[in-house]
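Colleague: Residue numbers for the sequence shown follow this note's numbering, beginning at 735 and rising by one.
Where a beta carbon is used, it is the ideal one built from N, C-alpha and C, also for glycine.
Computed from a prediction, not measured in an experiment: that's the story for all the values here.
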Amino acid sequence: MSPGGDVAVIGGGLIGLAIAFELAERGATVRLYDRDEPARAASWAGAGMLAPYTERVADEELLQLCEDSLAEYPPFVERVREASGVDPQLHLNGIVHAAFDEVALERLREHGDALRSRGVTCDLLDRAHVLAVEPWLAHHVAGGLLVAGEGHVDNRRLGRALVAACAARGVSFARVASLRVECDTRRALGVRTNVGFTPAVAVVNACGAWSSLLDGVPPEMLPAVEPIKGQMLALQVPDAFVRRATWVPDAYVVPRDDGRLLVGATSERAQFDMRVTAEGLHRLLHAVLQAAPSLAAFTVTETWTGLRPGTADGRPFLGPTPLEGLYVATGHYRNGILLAPATARLLADAVCGNAAPELAAFSLPRRKRAS
Ligand code: GLY
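Here it is as structure tokens:
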């Protein structure tokens, strides 16, 4: 099935790009709008971790969606690589969660038991084993949990790859100074920018942390999304110094193929404040150097911030809205990069008139869930 007309995707992050790519691969005519360059904002700022189990997603519907998306990652990356010629450097070599005392290790044991009961492969490692796996950790580490199948993708490379893949599949990019969605009382009609009006049969709000501010959309059709700031830094380390993405108390590290080691991330309700602060960096460096004094001598090469799109119940907003022709794909909070493949598939299905039943759990509006 096809959408039966042109599609407007608003927001050029990984979510918007992945939806545009998916629709274009199905033969749709897609125009992607952004005020900035595509593949920036949270999509550029994230660490690219693919970690539903280590993130401890507890909401069953959301966990199922994360698991589906993790399983879709290798074929998704392969399609994007083939269309773009850019390798997003996907590594699914597991994630280590390190514990530094017996209480934390016992919690990891329980978490591992729960994961195994849903079929996830994971190993509880004692001190010697965790140091054999990741020798840069402090020698007082108590142990760790290695969850197989999780990993990371280089989100900046994935962004570049998706931009090229979209262009190769005929997606047109509009970088605009101003933009509003035109609607009548019944449906979304298209997008008006500083250069004119373009009709669309489907308009997708994929504006990430800015999704609740999209001009022209009736207020009740705007998703309640709040920016949650994350500060990060990068160290330059020798090749293969850190082998896997690793969680330590109050921080995580993610290795890149180019020798950068990303250290993240704070989680702050700070509206649209994009400053890197002394306190933010102190918190990250303190946490990571407690867990790994061996990192102390390496050069800090970069610091930055990103804004995660948070929602009140932790679930993204996905799929059609009650206003015909208007769709949402936002609110992915800590799991936007992980959820890009499944989001793209579900949104493309919905725009093509085949909305999956599982979208009901992520619809706008939705009732408050009992806590
Ligand atoms: N997914 C990790 C973070 O949002 O910090």
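Under three-state DSSP, which class holds valine 875?
Modeller: coil
Colleague: Threshold first: 3 residues or longer. Then list the beta strand (DSSP E) segments lying entirely within the region 879 to 910, N to C.
Modeller: If only complete runs of 3 or more residues are kept, the region 879 to 910 shows the beta strand (DSSP E) at 885 to 887, 906 to 909, in order along the chain.
Colleague: Going by alpha carbons, who is nearest to alanine 999 out of Pro809, Asp991, Arg1017?
Modeller: Nearest of Pro809, Asp991, Arg1017 to alanine 999, Cα basis: Arg1017.
Colleague: Are there any heavy atoms of ligand 1 lying less than 7 Å away from the beta-carbon of arginine 890, as far as the coordinates show?
Modeller: no
Colleague: Can you name the start and end residues of the alpha helix (DSSP H) that glutamine 1024 belongs to?
Modeller: 1012 to 1025
Colleague: May I ask which residues mark the beginning and end of the beta strand (DSSP E) holding proline 1054?
Modeller: 1051 to 1054
Colleague: So who's on the other strand from threonine 1033, going by DSSP bridges?
Modeller: Note: threonine 1033 sits in a beta bridge opposite Gln970.
Colleague: Ligand 1 heavy atoms versus the CB of methionine 783: any closer than 7 Å?
Modeller: yes
Colleague: For the candidate residues Ala936, Val743, Ala833, whose alpha-carbon lies nearest to that of alanine 908?
Modeller: Val743
Colleague: Taking all protein chains shown into account, decide if methionine 735 is buried (16 or more other Cβ within 10 angstroms of its Cβ) or exposed.
Modeller: exposed
Colleague: Express the C-alpha separation of leucine 1015 and tryptophan 870 in angstroms, rounding to a whole number.
Modeller: Near 21 Å, if we compare the C-alpha coordinates of leucine 1015 and tryptophan 870.
Colleague: With a CB to CB cut of under 7 Å and the five nearest residues on each side skipped, what residues in its chain are close to alanine 1021?
Modeller: Val982, Pro983, Asp984, Ala985
Colleague: Determine the DSSP secondary structure at histidine 845, reduced to helix, strand or coil.
Modeller: Judged by DSSP in its simplified three-state form, histidine 845 adopts helix.
Colleague: My output table needs one value for histidine 831: the three-state DSSP class, helix, strand or coil.
Modeller: Here histidine 831 sits in strand by DSSP.
Colleague: So arginine 903 and alanine 758 are supposed to be a Cβ contact under 8 Å. How far apart are they, rounded?
Modeller: 4 Å
Colleague: With 16 other CB atoms within 10 Å as the buried threshold, where does arginine 1042 fall?
Modeller: buried
Colleague: For cysteine 856, write down the residues that DSSP places opposite it in a beta bridge.
Modeller: Val881
Colleague: Let me check understanding here. Comparing Cα to Cα, which of Val910, Pro1027, Ala1076, Trp1038 lies closest to phenylalanine 1051?
Modeller: Minimum Cα distance to phenylalanine 1051 is reached at Ala1076.
Colleague: Might you give, ordered along the chain, the residues of its own chain that have their beta carbon closer than 8 Å to the beta carbon of valine 887, omitting 5 neighbours on each side?
Modeller: Gly782, Leu784, Tyr807, Val811, Pro822, Gln823, Leu824, His825, Ile1071
Colleague: Excluding the 5 residues flanking alanine 968 on each side, which residues of the same chain have their C-beta closer than 6 Å to its C-beta?
Modeller: Arg994, Leu996, Thr1035, Glu1036
Colleague: Check the C-beta distance from valine 959 over to threonine 1064 and give it rounded, since I have them as a contact under 8 Å.
Modeller: 6 Å
Colleague: What runs of the alpha helix (DSSP H), each 4 residues or longer, lie entirely inside the region 768 to 826?
Modeller: If one requires a minimum length of 4 residues, the alpha helix (DSSP H) runs lying completely within the region 768 to 826 are 775 to 779, 794 to 818, in chain order.
Colleague: Please classify arginine 1009 as buried or exposed, where buried requires at least 16 other C-beta atoms within 10 Å of its C-beta.
Modeller: exposed
Colleague: For arginine 1079, I'd like the list of residues in its chain whose CB is within less than 8 Å of its CB, leaving aside the five on either flank, ordered along the chain.
Modeller: Glu756, Glu806
Colleague: Given the structure, does glycine 1048 come close to ligand 3, in the sense that its CB is under 7 Å from one of the ligand's heavy atoms?
Modeller: This structure lacks ligand 3; the ligands present are ligand 1.
Colleague: Buried or exposed, going by whether 16 or more other CB atoms sit within 10 Å of the CB of glutamine 965?
Modeller: A buried status is given to glutamine 965, since no fewer than 16 other beta-carbon atoms sit within 10 Å of its beta-carbon.
Colleague: By DSSP's criteria, valine 741 is part of a beta bridge. Which residues make up the other side?
Modeller: Valine 741 is bridged to Val764, Ala936.
Colleague: Quick check on proline 1075: does DSSP put it in helix, strand or coil?
Modeller: helix
Colleague: Based on DSSP bridge pairs, tell me the residues matched to leucine 913.
Modeller: Beta-bridge pairing by DSSP links leucine 913 to Thr927.
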